[in-house]
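The listed protein sequences derive, respectively, from chains A and B.
Under UniProt numbering, think of the first position of the first sequence as 1, with each following residue one higher.
Under UniProt numbering, think of the first position of the second sequence as 1, with each following residue one higher.
Glycine included, C-beta positions come from ideal geometry on N, C-alpha and C.
Taking it in order: structure first as structure tokens, then the write-up.
Protein chains: 2
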Amino acid sequence: MRKSIATVSVSGTLTEKLAAIAAAGFDGVEIFENDLLACPLPPEQIRDRAADLGLTIDLYQPFRDFESVPADLLARNLRRAEHKFRLMERLGADLLLVCSNVSPTVVGGDELAAGQLRLLAERAAERGIRIAYEALAWGRHVNEYLHAWRIARLADHPNLGLCLDSFHILSRGSDPIGIEAIPGEKIFFLQLADAPLLAMDVLQWSRHYRCFPGQGNFDVSGLVSHVLNAGYAGPLSLEVFNDHFRQADTRRTARDGMRSLIALEDTLKGAGRAHPVVPSGFAFAELADGDPAEGRRISEVLAGLGFLRTGTHPTKPVELWQQGGARLLLNATGGDPALVAIGLDSADPGGAVKHAESLLSPVLPRERAPEEARLDAVAAPDGTEIFFCDGSWLSDFEPDRQVPGEITGIDHVALTQPWHYFDEGELFYRSVLGLRPQGSLELPDPYGLLRSKAMASPGGAVRMVLNIAQVGPGDIPRQHVALACDDLMAVARRLRAEHPGLLLPIPANYYDDLEARHEVDPELRHLGVLYDKDERGGEFLHLYTVTVGRVFFEIVQRIGGYEGYGAANAPIRLAVQHSGGN
Amino acid sequence: MRKSIATVSVSGTLTEKLAAIAAAGFDGVEIFENDLLACPLPPEQIRDRAADLGLTIDLYQPFRDFESVPADLLARNLRRAEHKFRLMERLGADLLLVCSNVSPTVVGGDELAAGQLRLLAERAAERGIRIAYEALAWGRHVNEYLHAWRIARLADHPNLGLCLDSFHILSRGSDPIGIEAIPGEKIFFLQLADAPLLAMDVLQWSRHYRCFPGQGNFDVSGLVSHVLNAGYAGPLSLEVFNDHFRQADTRRTARDGMRSLIALEDTLKGAGRAHPVVPSGFAFAELADGDPAEGRRISEVLAGLGFLRTGTHPTKPVELWQQGGARLLLNATGGDPALVAIGLDSADPGGAVKHAESLLSPVLPRERAPEEARLDAVAAPDGTEIFFCDGSWLSDFEPDRQVPGEITGIDHVALTQPWHYFDEGELFYRSVLGLRPQGSLELPDPYGLLRSKAMASPGGAVRMVLNIAQVGPGDIPRQHVALACDDLMAVARRLRAEHPGLLLPIPANYYDDLEARHEVDPELRHLGVLYDKDERGGEFLHLYTVTVGRVFFEIVQRIGGYEGYGAANAPIRLAVQHSGGN
Numbered sequence: 001m002r003k004s005i006a007t008v009s010v011s012g013t014l015t016e017k018l019a020a021i022a023a024a025g026f027d028g029v030e031i032f033e034n035d036l037l038a039c040p041l042p043p044e045q046i047r048d049r050a051a052d053l054g055l056t057i058d059l060y061q062p063f064r065d066f067e068s069v070p071a072d073l074l075a076r077n078l079r080r081a082e083h084k085f086r087l088m089e090r091l092g093a094d095l096l097l098v099c100s101n102v103s104p105t106v107v108g109g110d111e112l113a114a115g116q117l118r119l120l121a122e123r124a125a126e127r128g129i130r131i132a133y134e135a136l137a138w139g140r141h142v143n144e145y146l147h148a149w150r151i152a153r154l155a156d157h158p159n160l161g162l163c164l165d166s167f168h169i170l171s172r173g174s175d176p177i178g179i180e181a182i183p184g185e186k187i188f189f190l191q192l193a194d195a196p197l198l199a200m201d202v203l204q205w206s207r208h209y210r211c212f213p214g215q216g217n218f219d220v221s222g223l224v225s226h227v228l229n230a231g232y233a234g235p236l237s238l239e240v241f242n243d244h245f246r247q248a249d250t251r252r253t254a255r256d257g258m259r260s261l262i263a264l265e266d267t268l269k270g271a272g273r274a275h276p277v278v279p280s281g282f283a284f285a286e287l288a289d290g291d292p293a294e295g296r297r298i299s300e301v302l303a304g305l306g307f308l309r310t311g312t313h314p315t316k317p318v319e320l321w322q323q324g325g326a327r328l329l330l331n332a333t334g335g336d337p338a339l340v341a342i343g344l345d346s347a348d349p350g351g352a353v354k355h356a357e358s359l360l361s362p363v364l365p366r367e368r369a370p371e372e373a374r375l376d377a378v379a380a381p382d383g384t385e386i387f388f389c390d391g392s393w394l395s396d397f398e399p400d401r402q403v404p405g406e407i408t409g410i411d412h413v414a415l416t417q418p419w420h421y422f423d424e425g426e427l428f429y430r431s432v433l434g435l436r437p438q439g440s441l442e443l444p445d446p447y448g449l450l451r452s453k454a455m456a457s458p459g460g461a462v463r464m465v466l467n468i469a470q471v472g473p474g475d476i477p478r479q480h481v482a483l484a485c486d487d488l489m490a491v492a493r494r495l496r497a498e499h500p501g502l503l504l505p506i507p508a509n510y511y512d513d514l515e516a517r518h519e520v521d522p523e524l525r526h527l528g529v530l531y532d533k534d535e536r537g538g539e540f541l542h543l544y545t546v547t548v549g550r551v552f553f554e555i556v557q558r559i560g561g562y563e564g565y566g567a568a569n570a571p572i573r574l575a576v577q578h579s580g581g582n
Numbered sequence: 001m002r003k004s005i006a007t008v009s010v011s012g013t014l015t016e017k018l019a020a021i022a023a024a025g026f027d028g029v030e031i032f033e034n035d036l037l038a039c040p041l042p043p044e045q046i047r048d049r050a051a052d053l054g055l056t057i058d059l060y061q062p063f064r065d066f067e068s069v070p071a072d073l074l075a076r077n078l079r080r081a082e083h084k085f086r087l088m089e090r091l092g093a094d095l096l097l098v099c100s101n102v103s104p105t106v107v108g109g110d111e112l113a114a115g116q117l118r119l120l121a122e123r124a125a126e127r128g129i130r131i132a133y134e135a136l137a138w139g140r141h142v143n144e145y146l147h148a149w150r151i152a153r154l155a156d157h158p159n160l161g162l163c164l165d166s167f168h169i170l171s172r173g174s175d176p177i178g179i180e181a182i183p184g185e186k187i188f189f190l191q192l193a194d195a196p197l198l199a200m201d202v203l204q205w206s207r208h209y210r211c212f213p214g215q216g217n218f219d220v221s222g223l224v225s226h227v228l229n230a231g232y233a234g235p236l237s238l239e240v241f242n243d244h245f246r247q248a249d250t251r252r253t254a255r256d257g258m259r260s261l262i263a264l265e266d267t268l269k270g271a272g273r274a275h276p277v278v279p280s281g282f283a284f285a286e287l288a289d290g291d292p293a294e295g296r297r298i299s300e301v302l303a304g305l306g307f308l309r310t311g312t313h314p315t316k317p318v319e320l321w322q323q324g325g326a327r328l329l330l331n332a333t334g335g336d337p338a339l340v341a342i343g344l345d346s347a348d349p350g351g352a353v354k355h356a357e358s359l360l361s362p363v364l365p366r367e368r369a370p371e372e373a374r375l376d377a378v379a380a381p382d383g384t385e386i387f388f389c390d391g392s393w394l395s396d397f398e399p400d401r402q403v404p405g406e407i408t409g410i411d412h413v414a415l416t417q418p419w420h421y422f423d424e425g426e427l428f429y430r431s432v433l434g435l436r437p438q439g440s441l442e443l444p445d446p447y448g449l450l451r452s453k454a455m456a457s458p459g460g461a462v463r464m465v466l467n468i469a470q471v472g473p474g475d476i477p478r479q480h481v482a483l484a485c486d487d488l489m490a491v492a493r494r495l496r497a498e499h500p501g502l503l504l505p506i507p508a509n510y511y512d513d514l515e516a517r518h519e520v521d522p523e524l525r526h527l528g529v530l531y532d533k534d535e536r537g538g539e540f541l542h543l544y545t546v547t548v549g550r551v552f553f554e555i556v557q558r559i560g561g562y563e564g565y566g567a568a569n570a571p572i573r574l575a576v577q578h579s580g581g582n
């Protein structure tokens with residue numbers, strides 16, 4: 001299907017927007033009026049610019065507060081429309097979006113609205129222009145798409161049809177199945193936006209919190225399938241108002257929008273396209289280790305946690321450290337200690353990379369010697385390298401043994417997402433890896449709020465937590481690898497005895513409160529182990545190491561089907577980390 | 001009255017918070033539980049720390065979901081309470097805030113709630129602790145303060161009283177006059193917060209958008225006067241949850257909170273304290289002019305606008321430029337061209353500075369020679385120096401003439417407020433200068449949203465626009481001085497003919513739209529003049545100069561009682577400025 005996007009969805013000036021939209025591979029654009037008004041180019045040159053970029057101008061928008069008005073105002077509104085028709089001729093646009101009237105002075109009655117819209121359509125027809133009438137969710141009288149359709153049917157003019165917008169329909173909780181009652185040729189245009197579920201005024205929700213399909217909570221693809229069933233053959237067009245997108249990089253946002261439409265098409269086409277090759281587990285996590293001259297190294301922490309170095313890469317400065325099913329690569333290529341890559345077990349690494357590439361993820365070039373294992377990798381929007389592994393990679397390191405130990409594997413990794421690009425990260429991990437969102441949280445931090453979203457593969461073999469980088473004095477955006485074990489108290493006892501300096505200290509006040517809320521083992525306090533209990537009785541024991549560079553480790557034990565991440569305790573950790581507990 | 005603040009209101013760790021709160025001059029604190037839990041100090045040391053800083057611990061909070069529960073849960077809740085009572089003994093706190101239950105499992109009935117709260121009060125009494133019961137605006141059964149009072153009256157225990165919170169009362173639209181029906185000695189505590197009027201879920205509104213009294217739209221001082229009429233004699237205590245405050249400087253926020261309580265007391269005491277000496281006009285605006293070696297200077301723009309240099313300061317590198325009633329000082333002390341100070345005509349400069357100082361504004365030291373005029377000045381939170389002038393300052397410059405011209409005076413100045421400190425700026429200009437908020441707006445900018453608030457003295461002789469600095473690639477936080485005139489078209493004609501390079505170019509597309517909306521003089525387009533019309537028929541003509549450093553000028557003409565600032569045209573200006581139109 002043709003793909004389009006409204007210029008208001010991305011940041012920048014109109015010419016910057018057009019270039020970014022074309023570069024992302026869109027077929028067309030909706031020209032948003034304010035972008036045009038502020039542009040120094042005359043409409044003819046904007047038309048030429050779009051054509052040179054291979055973009056069609058699919059819609060001009062919005063034309064507001066036209067219908068259901070008294071006669072004197074109608075005359076003024078028609079005059080206003082004639083100006084816009086002339087502009088559209090210069091621009092080479094033949095479809096005008098008319099939003100349902102929101103003015104408090106509007107006069108009621110479907111007959112009046114239909115008559116005035118018919119008049120508008122007649123004037124438009126003289127110039128070969130068509131009118132797409134849209135029910136705004138906060139329209140004064142008309143705010144449901146089926147009401148807009150009743151009026152358009154009454155008006156009964158070939159140049160008058162509907163614009164459907166997923167936000168306006170789904171934000172009101174309207175059932176989109178009614179769309180199938182509308183003849184496809186009367187649906188002149190389809191605008192798509194998703195949104196998180198928020199309890200707020202719908203106008204503010206729409207103006208600030210829309211996002212691309214797949215980034216929010218609406219069933220946008222379900223709505224699109226009803227529109228296709230109705231016989232709609234026009235473009236899928238993104239129209240998003242989002243405070244973060246407004247400040248984000250123009251090209252990056254445009255590419256993210258294109259990714260959302262490709263993922264939406266994947267969902268619609270079902271088996272027709274490659275679906276995500278869902279990873280079956282963590283193959284490894286790769287950490288850049290710091291300069292040995294500068295303070296503590298990750299390798300010291302790993303050794304303390306019971307990991308052993310079991311192999312070295314034949315040609316790169318990379319070591320394999322193992323314990324139980326947990327495999328960590330330490331990369332000594334320099335830079336601050338940080339989590340740089342994640343390896344995922346995949347039944348079809350080649351297919352996984354191909355799928356990621358179809359979703360506009362950059363495939364990473366891998367320089368390798370002929371005898372080395374093939375590694376397929378793409379870059380996530382947060383910069384993390386994602387490797388798809390079939391197991392052969394281990395042969396590079398020729399590990400000579402298994403390392404039994406307390407740690408059984410990697411439970412989850414927590415990645416810091418760049419500010420303004422949280423939604424992009426979620427869409428990537430959702431569409432490329434097939435992870436499912438588990439919930440999102442805002443956690444108090446001494447210098448702000450930490451936004452956090454958890455995602456997991458079906459079954460939970462791969463879990464990731466995406467955190468938004470905080471801002472604050474002396475702040476470090478931290479990442480961590482959480483390691484699973486079967487007996488956290490035993491791990492804690494050993495670490496407390498042998499490596500007490502590796503553990504993040506937990507304040508006694510935390511345990512006073514914990515003991516007020518739950519009947520817990522007093523040894524938790526002694527060992528500095530944190531505790532959480534979910535509503536179904538599942539329990540979570542966990543502890544943290546100190547931070548090295550940007551990285552720390554968590555050790556966790558899940559009991560009785562606990563599915564969370566100890567979020568209730570995260571503010572304690574954040575405060576201790578900020579207080580210099582490291 | 002004693003002044004207190006909840007530790008949650010400011011950023012940082014608990015010990016940082018206590019130090020900042022004491023430094024701002026508060027008498028006491030409410031200890032917010034999460035701050036204590038994350039603190040490495042035991043309660044005894046927190047008590048000592050507060051005492052050393054001269055702070056009393058006025059309240060411990062919150063204790064949640066206690067009342068209206070089944071018997072088994074009551075036993076667990078009482079056990080939980082006993083833990084908190086022991087903690088409070090160690091902390092030296094004798095007042096516990098109990099919020100009305102929000103759990104979906106709560107059991108209804110005032111008798112049950114009263115009986116359980118009485119039991120809690122009895123247990124508390126054994127340890128000399130009192131319970132302040134608060135109706136949360138989103139409490140499951142109890143969410144109105146008079147309902148909480150009915151239950152407390154039923155419970156009838158001397159250790160059980162109420163906590164009143166202005167947010168919970170005013171956010172629901174409850175009439176605070178009912179407070180006068182509550183005996184003052186049963187109001188154990190008073191928490192104050194203001195908030196902007198927002199159409200959103202009350203819980204989200206409360207958790208993210210509260211602000212200090214005088215920064216929002218609630219009549220907080222009206223509520224306080226009812227509480228005082230009821231006979232309340234406890235502290236005024238701020239309790240604010242605000243996303244910006246969470247990220248702002250701890251000491252600065254604490255000082256801002258103290259300013260809000262002092263201003264609130266001023267309002268309550270009426271004539272008992274100095275009221276703002278409201279300025280009667282702009283005496284001058286002072287601009288730092290750039291280095292003559294680097295590009296265009298402000299003096300060139302002023303000369304083009306018809307200003308004349310009429311004087312030079314005897315001892316400082318400062319020139320006076322005049323036209324009509326507009327006086328601008330150009331300061332050649334170096335740095336980028338910027339608006340650095342505003343002089344305000346004041347009937348009592350000494351009193352104005354004393355009032356500003358009572359509101360914690362730093363008074364600026366002025367080095368001057370004995371024969372020079374006295375200048376009283378304070379620093380605004382945004383760094384602008386505010387001078388209070390009685391007219392004698394002009395004698396320093398010995399201006400030898402009046403400069404008749406097209407410009408009649410300064411209409412308004414637009415100042416950029418630092419990110420996270422928008423509310424602080426509003427409170428300063430409101431409480432120190434007596435300006436009144438006129439409205440706030442969010443305007444689209446090519447790289448974000450510009451938040452803008454207009455304020456004016458009664459009568460409009462002094463008008464200011466506060467803008468939040470945007471972020472974005474290559475962004476400059478701009479300031480401007482708007483100059484008034486009686487015939488903007490004449491000014492525009494002269495400038496277009498004589499100095500076309502000084503004018504910000506306005507796109508032709510703007511005029512196509514303007515002519516679609518209004519029947520306007522076609523000369524507007526030719527001259528690049530912008531136009532706005534308000535709902536009452538008032539009209540506004542304006543134009544902009546190019547930017548020098550951080551500063552540009554606007555020239556405006558108000559017709560027919562127009563009170564706005566041409567906000568509808570600001571996005572056009574912002575886009576042209578971003579596009580390099582300068």
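Cβ neighbours of residue i in the same chain (closer than 7 Å, five flanking residues each side left out)
{"i": "A/GLY560", "result": "GLY537, GLY538, GLU539"}
Minimum Cβ-Cβ distance from residue i to chain A less than 8 Å
{"i": "B/ALA125", "result": "no"}
{"i": "B/GLN577", "result": "no"}
{"i": "B/PRO477", "result": "no"}
{"i": "B/CYS389", "result": "no"}
Chain-ordered chain A contacts of residue i [CB-CB under 7 Å]
{"i": "B/LEU87", "result": "ASP512"}
Residue i at chain B interface by Cβ criterion, 8 Å
{"i": "A/HIS83", "result": "yes"}
{"i": "A/PRO571", "result": "yes"}
Neighbour list for residue i in chain B, Cβ cutoff strictly below 8 Å
{"i": "A/SER11", "result": "PRO446, TYR447, GLY448, GLY472"}
{"i": "residue 584 of chain A", "result": "Nothing about residue 584 of chain A can be read from this structure; chain A reaches only from 1 to 582."}
Neighbourhood of residue i by C-beta, 6 Å cutoff - its chain only, sequence neighbours within 5 removed
{"i": "A/GLY334", "result": "none"}
Neighbouring residues, chain B, relative to residue i (Cβ below 7 Å)
{"i": "A/LEU36", "result": "ASN509"}
{"i": "A/ARG80", "result": "ALA516, ARG517"}
{"i": "A/ASP243", "result": "LEU449"}
Rounded straight-line distance, which links the Cα of residue j to that of residue i
{"i": "A/GLU319", "j": "A/ILE555", "result": "22 Å"}
Under 9 Å from the C-beta of residue i: neighbouring residues of chain A
{"i": "B/ALA484", "result": "The contacting residues do not exist; B/ALA484 stays about 26 Å from chain A at best."}
{"i": "B/ASP201", "result": "LEU198, ALA199, MET200"}
Tell me, please, whether the region 110-117 of chain B touches the region 80-90 of chain B by the rule of three or more beta-carbon pairs shorter than 8 Å.
No, the region 110-117 of chain B does not touch the region 80-90 of chain B.
Below 8 Å, can you find three or more Cβ-Cβ pairs linking the region 31-49 of chain B to the region 247-265 of chain B?
These segments do not touch.
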